[in-house]
Structures are given as C-alpha cells and as structure tokens.
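Asks:
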Amino acid sequence: MSEAGAFSLRRVEAADAELLLRWRNAESNRPFMYNTAPIELATHMRWLAAELANPQSRHLVFQQGDEAIGYASLTDITVQHRRCSWGFNLADTPQPKGSGARMLFCVADYAFTELGLEKICSEVLSFNSASLRVHQRLGFASEGRRRRHIHRDDGVFDIELFALFADAWQTQRQALLSELLDG
C-alpha cells in the first residue's frame, strides 16, 4: 500500500471500529461533516460492516510509524468510469503540521497506482478553508460549486466540487512527494 517516508496506509479492519467512531464524533471533525449530530455506536457498527463488505469502497487508516493518525475512504469506486469519491479526517489528537496533506498524498497515490483510477472526486464545505487549501496544494481542479446544497442544524451551506486526475497527478507527484517529506 502507498507510503511516504514514515507514513503509510493500511486497510481498515473491524478492530478499528471504536477508533474510527471516536474520530468521526470528535469535536475537531464534526463541524466539517455533512451531518454534525453525534453518531451512535450501533449506527456506526452497521455502517462499518456494510462498508467493509462493499466492493465499491476502500477504507484506509493512515499511520505514522505504527500510530494511527487519520482515516480516509474511497467510495463510489466505478471500474467502468475509473473514478471514485473520497472523504477523510485526522485523529482527534494534535498531529504534526502537514499530516493531512501527507495522508491525502498516500491516498491519491493508492487510488491512481494500485486501483488504476483516473479521477478522484471531492466535495468540500465552502467554509472549510483548511480542506480547500490542501485540495489546491495537491493539484485538484475546481469543478464548480453547489449552492445551498447542505442543510444542517446550524445553517445551509455551499459545497465546492473538485477533481484530481491521474495524468496531472503523475506530472506533479515527485515534486509534491519531495515537498511533503522535506517540509
């Protein structure tokens, strides 16, 4: 699976259930999710079991050494169209600066290299400036905006649409890898 220096990915296992639930429910992550309500254990367990059995999904734990520090999912994987969508969050504890970009580098590399996909689609809440920056840093192209698309208890929000293509990834991959490992 994809690696960048001391960072690596591994597949999510059933034993990761409590850790993922803690991260999904973390105050540092929930404001950036489409649904901000806390997730109940039973709901999470049903979701995880279904997702681990879903051939159109890959769920990945991002590690620094042996420590799990993030989670990413590739969903809606379509072999015919060679694309997927992704989602992600970091652990609920402080992480080294750049950990999110390193994680997403590994996930993009996995999607393009190991799965042979040509496009990663992404949606970002328009107020999530950190996520917007990391998408730009990784070379995602804007594909537009869905206005007033997400209704939550705290308001109605736009989402920004992005895509990263395999050919653009290959063009910038080595420079980005050097930047992420050196910076």
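Just so we're aligned, residue -9 is where the sequence shown starts under this note's numbering, counting upward by one. We treat Cβ as the ideally placed atom computed from N, Cα and C, and that holds for glycine.
(1) Taking the alpha-carbon positions, what's the R163 to M23 distance?
(2) On a CA-only basis, which of G90, E3 and Q126 is nearest L171? Give me that one, please.
(3) Using 10 angstroms around the beta-carbon of D99, count the other beta-carbons present and answer buried if the total reaches 16, otherwise exposed.
(4) What's the C-alpha gap between P45 and G106?
(5) What is the DSSP secondary structure of R72, reduced to helix, strand or coil?
(6) Are A62 and V114 closer than 8 Å when you measure CB to CB?
(7) If we require 4 or more residues per run, which alpha helix (DSSP H) segments fall completely within the stretch 74 to 159?
(8) Take the Cβ of V69 as the centre, count every other Cβ of all protein chains shown within 10 Å, and call the residue buried at 16 or more, exposed below.
(9) By Cβ distance below 6 Å, which residues in the same chain neighbour R48 in space, the five residues on each side in sequence not counted?
(10) The ligand PLP heavy atoms versus the CB of D144: any closer than 7 Å?
(11) According to DSSP, is E3 part of a helix, a strand, or is it coil?
(12) Could you give the DSSP three-state label for E169: helix, strand or coil?
Replies: Taking the definition as stated:
(1) Your numbering for residue 163 matches position 173 in the sequence shown. Your numbering for residue 23 matches position 33 in the sequence shown. Each residue's alpha carbon lies about 28 Å from the other.
(2) Taking the first residue of the sequence shown as position 1, residue 171 is located at position 181. The residue with the shortest Cα to Cα distance from L171 is G90.
(3) Walking along the sequence shown from the start, residue 99 turns up at place 109. Buried, because 16 or more other Cβ atoms sit within 10 Å of the Cβ of D99.
(4) To locate residue 45, count along the sequence shown from 1; it is residue 55. To locate residue 106, count along the sequence shown from 1; it is residue 116. Computed Cα separation, rounded: 15 Å.
(5) To locate residue 72, count along the sequence shown from 1; it is residue 82. Correct three-state label for R72: coil.
(6) Working through the sequence shown from its first residue, we reach residue 62 at position 72. Working through the sequence shown from its first residue, we reach residue 114 at position 124. Contact flag unset, no.
(7) 89 to 99 and 119 to 127
(8) Your numbering for residue 69 matches position 79 in the sequence shown. Flag for V69 reads exposed.
(9) One-based indexing of the sequence shown puts residue 48 at position 58. Cβ neighbours of R48 beyond the five flanking positions: L64.
(10) The ligand PLP is absent from the structure shown, which contains no ligand whatsoever.
(11) Position 13 of the sequence shown, counting from 1, holds the residue named residue 3. Reduced to three states, the DSSP call for E3 is coil.
(12) Taking the first residue of the sequence shown as 1, we reach residue 169 at position 179. In the structure shown, E169 sits in a helix (DSSP, three-state: H, G or I).
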